[in-house]
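This report concerns only the one structure given below.
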């Protein structure tokens with residue numbers, strides 16, 4: 004990706020606050036044509052600056068009341084890819100990170116209740132070859148969720 008200029012940053016700043024804003028409104032705010040906004044946004048998508056453009060569905064509205072982070076310790080760090088291949092088939096896992104620190108991996112998952120959480124941990128995660136330990140952290144409340152700020156020079 005080529006360098007991001009101030010117009011790109013302004014577009015990113017606007018879209019990160021409201022991804023559903025019409026391009027004509029972005030164009031008006033940036034004092035450029037709608038075609039220029041379309042072209043710039045496509046360029047940002049092609050360059051992997053903008054990743055995805057969906058809606059955030061509230062898990063609670065679908066009956067998933069428990070948000071959990073699970074630290075996973077692997078027998079060997081190089082087993083990460085094989086473990087990820089297994090984790091990808093557990094639909095309740097919404098994020099997976101290869102990490103430094105006390106865990107080899109950190110996953111975020113949603114469960115309907117404690118019974119399902121226990122099943123996910125005992126019957127699925129801990130049964131994956133190479134997983135030697137898990138530590139579960141239940142989120143009581145999400146206080147902040149936002150995009151990284153885009154500073155326009």
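Residue numbers (this note's numbering): 4 to 156. Beta carbons are placed, not taken as given, at the ideal position from N, Cα and C, and that holds for glycine.
{"Query": "N-terminal and C-terminal residue of the alpha helix (DSSP H) that residue 20 is part of", "Result": "9-20"}
{"Query": "Option nearest residue 70 by Cα separation, candidates 150, 22, 116", "Result": "116"}
{"Query": "Beta-carbon spacing of residue 72, residue 120 below 9 Å", "Result": "no"}
{"Query": "Runs of beta strand (DSSP E) lying entirely within the stretch 30-90, each at least 3 residues, in chain order", "Result": "69-77"}
{"Query": "Residue 122 in three-state terms, based on DSSP", "Result": "helix"}
{"Query": "Short Cβ contact (9 Å threshold) for residue 1 with residue 44", "Result": "Nothing can be reported for residue 1: it is not among the residues displayed for the chain, which extend from 4 to 156."}
{"Query": "Contact between the stretch 126-133 and the stretch 76-92 (3+ Cβ pairs under 8 Å)", "Result": "yes"}
{"Query": "Same chain, Cβ closer than 6 Å to residue 9, neighbours up to 5 away in sequence not counted", "Result": "155, 156"}
{"Query": "Straight-line gap, residue 153 to residue 15 (C-alpha atoms, nearest Å)", "Result": "7 Å"}
{"Query": "Beta-carbon spacing of residue 86, residue 93 below 9 Å", "Result": "no"}
{"Query": "Minimum C-alpha distance to residue 150 - residue among 56, 63, 102, 30", "Result": "56"}
{"Query": "Local Cβ density within 10 Å of residue 143, reported as buried at 16 or more and exposed below that", "Result": "exposed"}
{"Query": "Best match in 12, 84, 110, 91 for proximity to residue 98 [C-alpha to C-alpha]", "Result": "110"}
{"Query": "CB contact flag (residue 1, residue 35, <9 Å)", "Result": "Since the first residue shown for the chain is 4 and the last is 156, residue 1 is missing from the structure and cannot be characterised."}
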